[in-house]
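Written below as structure tokens is the structure these notes are about.
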Amino acid sequence: MTARPGRPAWRAFPFGGAQEFDRPAGAEAMSVETALATRRLVPGMSMASVKGLLGNPGAYRQALIGADTYVCAAYGKLWVVYRDGVVSCVRTRLEYRERYRTDCHCAGNYTTILNAD
Numbered sequence: 703m704t705a706r707p708g709r710p711a712w713r714a715f716p717f718g719g720a721q722e723f724d725r726p727a728g729a730e731a732m733s734v735e736t737a738l739a740t741r742r743l744v745p746g747m748s749m750a751s752v753k754g755l756l757g758n759p760g761a762y763r764q765a766l767i768g769a770d771t772y773v774c775a776a777y778g779k780l781w782v783v784y785r786d787g788v789v790s791c792v793r794t795r796l797e798y799r800e801r802y803r804t805d806c807h808c809a810g811n812y813t814t815i816l817n818a819d
């Protein structure tokens, strides 16, 4: 396919877990495996299911908000937030909120939330 002057050429990419795609290099980049796994993470998944996809997290944080227990697990530049043992949301970063007095939750800046219930 040829591009018109001043316009990019469009290419079709098939859907599939094995496809490769361009990503920026550097510390901020998410690994290809993690990026593909985030497509498979859905609210309601158990901790064991996420561990099967992504392995062991690099760090944990915990919070108690009302009657709900939150656990935030770090996978590189990705945070999986569990509420009462199941995935509640997937975030690019955690944000402290005075209302909850913690940064382990699914509220706040929605541009940092990739997937939520």
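This note's numbering puts the first residue of the sequence shown at 703, with every later residue one more than the last.
Heads up, the beta-carbon is just placed ideally off N, CA and C, and yes, glycines get one too.
- Please check the pair T814 and R793, which I expect to be a contact at CB under 8 Å, by giving their CB distance rounded to whole angstroms. The residue given as residue 814 occupies position 112 in the sequence shown. The residue given as residue 793 occupies position 91 in the sequence shown. Between T814 and R793 the beta-carbon gap is near 5 Å, inside 8 Å, which marks them as a contact.
- Ends of the beta strand (DSSP E) at A761? Within the sequence shown, the letter at position 59 stands for residue 761. Here the beta strand (DSSP E) through A761 covers 761-767.
- How about C806 and Y772: are their beta carbons less than 7 Å apart? The residue given as residue 806 occupies position 104 in the sequence shown. The residue given as residue 772 occupies position 70 in the sequence shown. Yes, they are a contact pair.
- To the nearest whole angstrom, what separates the beta carbons of D770 and C791, a pair I think is in contact under 8 Å? Stepping through the sequence shown from its first residue, residue 770 is reached at position 68. Stepping through the sequence shown from its first residue, residue 791 is reached at position 89. Actually they are not in contact, since the Cβ atoms of D770 and C791 sit about 13 Å apart, beyond 8 Å.
- Query: What's the call for A775, buried or exposed, on a 16-neighbour Cβ count within 10 Å?
  - Reply: The residue given as residue 775 occupies position 73 in the sequence shown. Buried, since its Cβ has 16 or more Cβ neighbours within 10 Å.
- Query: What separation, rounded to the nearest whole angstrom, lies between the Cα atoms of P745 and V789?
  - Reply: Mapped onto the sequence shown, residue 745 falls at position 43. Mapped onto the sequence shown, residue 789 falls at position 87. Distance between the alpha carbons of P745 and V789: 5 Å.
- Item | Cα-Cα separation, L780 to A765 | The residue labelled residue 780 in the question sits at position 78 within the sequence shown. The residue labelled residue 765 in the question sits at position 63 within the sequence shown. Their backbone Cα atoms lie some 18 Å apart in a straight line.
- For L755 versus R741, is the C-beta spacing smaller than 7 Å? What you label residue 755 is simply residue 53 of the sequence shown in a count that begins at 1. What you label residue 741 is simply residue 39 of the sequence shown in a count that begins at 1. No, the pair does not count as a contact, with Cβ atoms beyond the cut-off.
- Item | Assigned exposure category for A750 - 16 Cβ within 10 Å defines buried | Taking the first residue of the sequence shown as 1, we reach residue 750 at position 48. Label assigned to A750: exposed.
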